[in-house]
Amino acid sequence: MLKDIQLIIKEIETRRKELIECGHDFDDPEMLKRSQQLDELINRYYKLLDDINEEKRAIL
957 MLKDIQLIIK
967 EIETRRKELI
977 ECGHDFDDPE
987 MLKRSQQLDE
997 LINRYYKLLD
1007 DINEEKRAIL
């Protein structure tokens, strides 16, 4: 699971960098798509963190 988190973080950083380099023109369909992909990655990241917390609670 830690490896999954590391991969997601790396992908988030990459997509964030792409958005910054390209600008913030969300009228452009490609930019909107990239922004949505970044949002999805961030949501996956938080979901994994929630899963880890649930596992910790189950152990306690």
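Under this note's numbering, think of the first position of the sequence shown as 957, with each following residue one higher. Quick reminder that beta carbons are idealized off the backbone N, C-alpha and C, glycines included.
For ASP983, there is no enclosing alpha helix (DSSP H), as DSSP marks it with neither H nor E. Annotation: ASN999 to ILE976 spans about 20 Å, alpha carbon to alpha carbon.
If you ignore the 5 residues before and after ILE968, its C-beta comes within less than 8 Å of the C-beta of LEU994, LEU997, ILE998 and TYR1001, all in its own chain and listed in chain order.
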